[in-house]
Structures are given as structure tokens and as C-alpha cells.
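Okay, structure first, notes after.
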Amino acid sequence: KYESIVRVQSPDGVKRISVGKRETGAQFLKKIAMEFGLSNNEFSVYLNRNKTGEICAASNKPLSLFRIKHGDMLFLFLAGAPSTSTQYMQTSCVGGAVLGSAPTASAFVEDEIDQILNKQDGKIYRNRDAQLCRHGPKGKCVHCVPLEPFDEDYLNHLDPPVKHLSFHAYIRKLTGGADKGKFVALENISCKIKSGCEGHPPWPDGICTKCQPSAITLNRQKYRHVDNIMFENHTIADRFLNFWRQTGNQRIGFLYGRYTEHKDIPLGIRAEVAAIYEPPQIGTANSLELLEDPKAPIVHEIAEKLGLRKVGWIFTDLISEDTRKGTVKYIRNKDAHILSAEECITAGDFQNKHHNNCRLSPDGHFGSKFVTVLATGGPDNQVHFEGYQVSNQCMALVRDECLLPCRDAPELGYVKESTSEQYVPDVFYKITTTFPKDPVYTFVSSPHPFAVVNREVMGETQDFHSLSTYLSQNQSEFFLDIISDFHLLVFLVTNDVMPLRESMSLILDAVKTRNEEVAQTWKRSEQWATIEQLCGKDSKCVCVAQTDLKMHYFACIIFSFPAAQTLTSLSLYLSLSLQVQCLPSRTASQISVQWEDPCQLPLLLTCGIVNIAPT
222 KYESIVRVQS
232 PDGVKRISVG
242 KRETGAQFLK
252 KIAMEFGLSN
262 NEFSVYLNRN
272 KTGEICAASN
282 KPLSLFRIKH
292 GDMLFLFLAG
302 APSTSTQYMQ
312 TSCVGGAVLG
322 SAPTASAFVE
332 DEIDQILNKQ
342 DGKIYRNRDA
352 QLCRHGPKGK
362 CVHCVPLEPF
372 DEDYLNHLDP
382 PVKHLSFHAY
392 IRKLTGGADK
402 GKFVALENIS
412 CKIKSGCEGH
422 PPWPDGICTK
432 CQPSAITLNR
442 QKYRHVDNIM
452 FENHTIADRF
462 LNFWRQTGNQ
472 RIGFLYGRYT
482 EHKDIPLGIR
492 AEVAAIYEPP
502 QIGTANSLEL
512 LEDPKAPIVH
522 EIAEKLGLRK
532 VGWIFTDLIS
542 EDTRKGTVKY
552 IRNKDAHILS
562 AEECITAGDF
572 QNKHHNNCRL
582 SPDGHFGSKF
592 VTVLATGGPD
602 NQVHFEGYQV
612 SNQCMALVRD
622 ECLLPCRDAP
632 ELGYVKESTS
642 EQYVPDVFYK
652 ITTTFPKDPV
662 YTFVSSPHPF
672 AVVNREVMGE
682 TQDFHSLSTY
692 LSQNQSEFFL
702 DIISDFHLLV
712 FLVTNDVMPL
722 RESMSLILDA
732 VKTRNEEVAQ
742 TWKRSEQWAT
752 IEQLCGKDSK
762 CVCVAQTDLK
772 MHYFACIIFS
782 FPAAQTLTSL
792 SLYLSLSLQV
802 QCLPSRTASQ
812 ISVQWEDPCQ
822 LPLLLTCGIV
832 NIAPT
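Convert by adding 221 to the 1-based position in the sequence shown; the result is the number in the numbering used here.
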């Protein structure tokens, strides 16, 4: 029978291991290897942080001879890892907070906004009160002394009142006091049975208090990881809503932007949205289904080079009320529901996939900054944008597959009952969504923007014909203004004819830094010259008559290509995408295209390469 639990601290965090009264050192090390997913020769375990008192694998001595007691901390070092006195942080339990170990600094990197806020004192400075203060201009009293960022009385008297602390204000509250939070750590909630408990048969035949997950008491989260969501300008949201306006179908998209300081709340964080990417999906008037997106890694890479990241997701739930007035129905309110259970579970899944790196967590992450934005009708029957996040408790229930939506009541969800496969132990807050008084444009707003990807259902396609139209409608002397369109940049990298993935770094850097000179340098490159040729600027077509018997159509397309490689790409595109035959030509600048079906002629026209008419 097991009588104690010890903690084993590693660079990846702390794990609790059950220890039997007669367990040997070798048995104990095997259990540690299984828990951490390591082989026996990859690590060593010591009684002390300075690598003294090693527990040897060859030792058959019972652990009781090592004087290991219940609750003791052991230290795991990986083979070849440097030993420093600061590699681990000793832990304890203070004030009811769950405390663990801090991972090494190299195990994770906190977000830039977190590093900025960590350096601020966060105090709320007040001016001298003319009526209550009895001291000079350089003095301080209880009426004007700076307040802590977690002062509830101050936050409740703001307009509007702040119901939730910012995450960094919550950390300051935990780390206050004489020890300055030296031993504080934030531990993620787990709803799973702890592995390695061998004092009884495995679940469902046995369970004990040592391996059983703690019961979860649902309560309002006192803090939030993001305090405000702001779209840089109205154009971003309008382009997203245009899909619903034209088709009547709902739409989903991912928000790309950055996290900045929200100065209206002490130590607050704001998610600024610069672009919305719409992944492949199937949308109807009352449902949405996300499809697999092969372009997702490329879009992530482009956003990263532009200084952007995925900060959240957005979806619509709009029902038209009066098309003449442009009003929508107000369907989400206190009498119905704000978010459905299925939407909350989806939000929890997205948040679990986008962790918030945190130096005070044994796992290196705690919670998430990933936000949810809903476009729906408001009390005035106009389109409103509402921002949400689900709590850390909801994230844990979703991650461990404990939470399910109700079929007949969208506003209700329920916790699964325990089964023989899974034991289940016996949630939202609203974020302000705004638009700035002075709009900011990471990407230039154009009256004729480039087509949005994955909108073929409404006749909006991304091809060289749409690119040619876009370039003809945007004749600016500043090339940077023309190229600063997120959807255009994605198309230039992902198109099948002339993908520019290897040569986009320069122009992405120009868009990121708003440098016209760098943009002009890229414009003079061979790659952009080829793109212009594909748009048909300097091309001409020679058409040859069709044969009467086989109904074969063919045309000779003449381009001034700077490289023969482009002809190969174009031939491959025509052969695979349009299923036409590309024939060899006499010169390096000609392609002969032959096709049998006259119905394929519009397809050639739509690909935006040439204007062909059989004679």
C-alpha cells in the first residue's frame, strides 16, 4: 500500500509520483521514466538541487533509506543539461494558491506584451485632492497615494465598472506581500486521473484520493487574459460581412493582429485586429463547418513575417429583418443565450491550441489570449461585434473531453458522466470590442480591394484575372499602397502558376515597416515582372482556326518571359487545372494550348492569362 507522494521537478515542470513503502530506487526511477516519457539513461534524479544524493538505478535499496518523506521535492536533470542554482525554483503552498515549479527560461518565451507589462509597476497614480488632502504639492496621504492595479474599489468606480482584473494585475495581487511572490506558481487544471498509481486496480475497478482529480467548483473567473479587442478600421469588418450581405450564409474567419497595451485598465492587454483570413468552410444560413486548410502553414508564415499573429476567431450569426432598412434581428440576449454551448466548446478548443506562455506556471503556459468575436444583431437591430473568452475551467473541461452541448437546447451544455474508459470529476466573461477614433491601417484600405480567398460560392475568385483587374483599378504612384493587401500577399505566395514563396521576404518586410523604397526595389525584380506578364499587360494572342472533324481548338500565346521556368509552370497549370494539352513551341516565349471541348474556352478566359476567341 502506498503511503506518500513525492514531487519530481524537471525542466518541463513538476509531476507527482506515488511512492510505496517497500519500493526500491530502481522501481521508482522506472516510474519516473514512464511519467516523463524518458528512457532510463536520459536523466538522473537527485535529492538536492546541487546534484547531491543521487538515486541510482542499480540500487535495490528501498526509498525509505533515502529518507524521502511525503511531499518532498526531488530534482530531475537531463543528461548533458547544465547545472545551475537558478535552474529550478523551489515551491510551497501559500494562501490557498496552487504552487509548483518554474520551468527554465529557455523552455518558453513570454509574449512581447507580457515582457513589457512585467517591467511596469502598474500602480494607479492619483492627483492631489483639493478638499481632502492637507499637505503640500510634494506630499502624499491616503487620499492621493498610488493604488495597486488590483484595487477593487477603484475598478468598481470606473465608467463603465471593471468586473475582471487584468491578468497582470491578478499576478501582482498574487506576488504581493513580503516575499514578493517568490514561491508562487500557477498550475493548470486537470480533469484526468493521475497515472502511476499502482496501489489498486486501474479505473474503473479502483481509484483513490491520490490519483483522483479534484472536484471542480464552477465560479466566475476573477481575471481575464485580454481586456479589449479593437479592429484597426471599419474596412476589415465590412469586407468580412460582405459575404453574408451577398449570400445570406454565415461566415467564420481567423483574426490576425497583435497584442498591445490597453491603457484604460491597469496593466491591461488589447488584441488589435489587422486582417481576417477566411479558411475553407461550408456555410449555410444557420450552420458553419470548417474544412481542412492546406494553406494554413503558409498564411501563418506570411503573418509572422508581417509582425502579425493569430489572435482570435470571428463568426457571424445574422438574420435579416428588413432588407430595405438594412436591419438585423436581435436574437442573442438575456432571454435567449449569449453564446451557445457548442460555440463555447469551440472557443475552448481554440484557446487550448493557443496557449499563453507564463513564467509562473510549472507547465510554461497558463490560460490563453485567443479571443472569440461574434457578429450579431444588437438591441438597435444593427450589426454589433461582441468579444468573449471562456474561462480556464472551461478550457480544462473541453481539453479533457468532459463537456458536451445539448442537442435540443443550444444554450445548454452538460458534463459527461464517468464511464469505464473515462473518469469525470464532480463559464464565460465578456470583453469589450471597439473601433478606434483614429483608424489605423496595417494594410491600405482600397475602394476596389483584392478578392478574398475561399469565396468561390459567391463568384469571387483569386486568379490572375482578378489580379489584373485589381492592378488596373488601383493606379497609385506608391507601389507599397497597391501591394499592402493581406489577401493579395497570400495569393502571391499560394497561387499555382507563379508561387513567390521564396522571394516574398523583401516585400513582406516593406509592408511591415511601411518602406516605399524597399517596395520599389522588389517591384523591379524579375518575379514581379513575370506576374505582370501573367496578368496580360504585355501579351498578345494569335488564334488559329478550329478543325471541323475533331473540334480541336488551339491558340498560340506569346509572352516576353524573363525565364523559361515560367513557361513550364504555366504549362503545368493549364494541363492540371484546365485539363488541356500544352504543345511544344518553336520559340522559348510561346506556348501552344490545345483543347477539345469548346466549353473550356471560358475557363481559359477566367484564368486571366489571355483573351482568346476562336476564329
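Note that CB positions come from ideal geometry on N, CA and C, so glycine has one too.
Computed from a predicted model, the values in this text were never measured in an experiment.
Contact belief for N470 with A506 at Cβ below 8 Å, rounded distance in angstroms:
Working through the sequence shown from its first residue, we reach residue 470 at position 249. Working through the sequence shown from its first residue, we reach residue 506 at position 285. The Cβ separation is near 6 Å, so the contact holds.
Please list the terminal residues of the continuous alpha helix (DSSP H) segment that includes A517.
In the sequence shown, the residue the question calls residue 517 occupies position 296. That run of the alpha helix (DSSP H) goes 517 to 526.
Could you tell me the distance, in whole angstroms, from the CA atom of L701 to the CA atom of K526?
In the sequence shown, residue 701 corresponds to position 480, counting from 1. In the sequence shown, residue 526 corresponds to position 305, counting from 1. Going by the C-alpha atoms only, they are around 16 Å apart.
Output the boundary residues of the alpha helix (DSSP H) element that contains M451.
Numbered from its first residue, the sequence shown carries residue 451 at position 230. First-last for M451: 449 to 452, but that is the beta strand (DSSP E), not the alpha helix (DSSP H).
For L509 and P500, what's the separation of their Cα atoms in angstroms?
By one-based count along the sequence shown, residue 509 stands at place 288. By one-based count along the sequence shown, residue 500 stands at place 279. Near 12 Å, if we compare the C-alpha coordinates of P500 and L509.
Taking the alpha-carbon positions, what's the E563 to C412 distance?
Here residue 563 is taken as the residue at index 342 of the sequence shown, counted from 1. Here residue 412 is taken as the residue at index 191 of the sequence shown, counted from 1. Whole-angstrom Cα-Cα distance: 20 Å.
Coil, strand or helix - I741 by DSSP:
Here residue 741 refers to the residue found at position 520 of the sequence shown. According to the sequence as given, residue 741 is Gln; it is not Ile. Helix, per DSSP.
Can you list, in chain order, the residues of its chain with a C-beta nearer than 7 Å to that of G599? Leave out the 5 residues immediately preceding and following it.
Looking up residue 599 in the sequence shown gives position 378. So the qualifying residues of the chain are Y551, H605.
Nearest to A731 by alpha carbon, out of E753, T663, Q694?
Position 510 of the sequence shown, counted from the first residue, corresponds to residue 731. Checked all of E753, T663, Q694; the closest Cα to A731 is T663.
Out of G258, Q248, Q754, N449, which has the shortest C-alpha to C-alpha gap to L299?
Along the sequence shown, one-based indexing puts residue 299 at 78. If we check each option's Cα against that of L299, G258 comes out closest.
6 Å CB neighbourhood of A458 in its chain, flanking five on each side removed
Counting from 1 along the sequence shown, the entry for residue 458 is found at position 237. So the list reads F452, once near-sequence residues are dropped.
Which of the three DSSP states is assigned to D332 in this structure?
In the sequence shown, counting from the first residue as 1, residue 332 sits at position 111. Correct three-state label for D332: coil.
Rounded to whole angstroms, what is the Cα-Cα separation between T456 and V714?
Here residue 456 refers to the residue found at position 235 of the sequence shown. Here residue 714 refers to the residue found at position 493 of the sequence shown. Distance between the alpha carbons of T456 and V714 is about 23 Å.
So if DSSP puts H586 in a beta bridge, which residue, or which two residues, is it bridged to?
As a position in the sequence shown, residue 586 is number 365, starting the count at 1. Answer by DSSP bridge pairing, in chain order: N578.
In this structure, what does DSSP give as the bridge partners for A492?
Position 271 of the sequence shown, counting from 1, holds the residue named residue 492. A492 pairs with I450, Y480.
Taking Cβ positions, are G343 and H389 nearer each other than 8 Å?
Stepping through the sequence shown from its first residue, residue 343 is reached at position 122. Stepping through the sequence shown from its first residue, residue 389 is reached at position 168. Yes, the pair counts as a contact, with Cβ atoms nearer than the cut-off.
Does the segment 224 to 236 come close enough to the segment 574 to 592 that 3 or more CB-CB pairs lie under 8 Å?
yes
Run through DSSP, which three-state label would F536 get?
The residue given as residue 536 occupies position 315 in the sequence shown. The answer is strand: DSSP assigns F536 an E or B state.
With the cut-off set at 8 Å, would you say I414 and P382 are in Cβ contact?
Locating residue 414 in the sequence shown gives position 193, where the first residue counts as 1. Locating residue 382 in the sequence shown gives position 161, where the first residue counts as 1. No, Cβ-Cβ distance for I414 and P382 is not below 8 Å.
Among the candidates E263, F264, M294, K272, whose CA atom is the shortest distance from the CA of I238?
As a first step, residue 238 must be located in the sequence shown, where it is residue number 17. I238 has its Cα closest to that of M294, out of E263, F264, M294, K272.
Distance, R553 Cα to T789 Cα
Stepping through the sequence shown from its first residue, residue 789 is reached at position 568. Stepping through the sequence shown from its first residue, residue 553 is reached at position 332. For T789, the predicted model reports a pLDDT of 49, less than 50, meaning its position is unreliable and no value from the coordinates is stated.
Buried/exposed call for G474, threshold 16 Cβ in 10 Å:
Along the sequence shown, read from residue 1 onward, the residue named residue 474 stands at position 253. So G474 counts as buried.
Can you look up D459 in the DSSP assignment and give me helix, strand or coil?
Your numbering for residue 459 matches position 238 in the sequence shown. Helix.
Would DSSP call K236 helix, strand or coil?
Position 15 of the sequence shown holds residue 236. K236: strand per DSSP, three-state reduction.
Three or more C-beta pairs closer than 8 Å, one from the segment 424 to 431 and one from the segment 358 to 374: is that the case here?
no
Taking the beta strand (DSSP E) that I503 belongs to, which residues open and close that run?
Taking the first residue of the sequence shown as 1, we reach residue 503 at position 282. I503 -> beta strand (DSSP E) spans 502 to 504.
Quick one: residues in its chain with C-beta nearer than 7 Å to the C-beta of E681, no 5 flanking neighbours on either side, listed in chain order?
Looking up residue 681 in the sequence shown gives position 460. Excluding sequence neighbours, E681 sits near A672, V673.
Using the rule of at least 16 other Cβ atoms within 10 Å of the residue's Cβ for burial, across every protein chain shown, is Y444 buried or exposed?
Residue numbering aside, residue 444 sits at position 223 when the sequence shown is read from its first letter. Label assigned to Y444: buried.
Please go through the same chain and pick out, in chain order, the residues whose beta-carbon is closer than 8 Å to the beta-carbon of I226, but skip the five residues on each side of it.
Against the sequence shown, residue 226 aligns to sequence position 5. The answer, listed in chain order, is R237, I238, S239, V240, H291, G292, K431.
Three-state secondary structure (DSSP) at Q800?
Locating residue 800 in the sequence shown gives position 579, counting from the first residue. Reliability of the predicted coordinates at Q800 is poor, the pLDDT of 46 falling under 50, and the value obtained from them is presented with this limitation in mind. Looking at Q800 - three-state DSSP - the assignment turns out to be coil, as it is neither helix nor strand.
For I337, which residues of its own chain have a beta-carbon under 7 Å away from its beta-carbon, when the five flanking residues on both sides are left out?
Position 116 of the sequence shown, counting from 1, holds the residue named residue 337. Result list for I337: E482, in chain order.
Where does the unbroken beta strand (DSSP E) through H605 begin, and where does it stop?
Here residue 605 is taken as the residue at index 384 of the sequence shown, counted from 1. Per DSSP, H605 belongs to the beta strand (DSSP E) from 604 to 611.
In three-state DSSP terms, what is K340?
Working through the sequence shown from its first residue, we reach residue 340 at position 119. It is coil, neither helix nor strand.
Exposed or buried, which one is R735 when buried takes at least 16 other CB atoms within 10 Å?
Here the question's residue 735 lines up with position 514 in the sequence shown. Exposed, because fewer than 16 other Cβ atoms sit within 10 Å of the Cβ of R735.
Does the beta-carbon of V366 have 16 or more other beta-carbons within 10 angstroms, so that it is buried, or is it exposed?
For the purposes of this step, residue 366 is taken as residue 145 along the sequence shown, with counting starting at 1. Counting Cβ neighbours within 10 Å, V366 comes out exposed, since fewer than 16 surround it.
Beta carbon of Q748, beta carbon of L721: below 8 Å?
Your numbering for residue 748 matches position 527 in the sequence shown. Your numbering for residue 721 matches position 500 in the sequence shown. Yes, the Cβ-Cβ distance between Q748 and L721 is below 8 Å.
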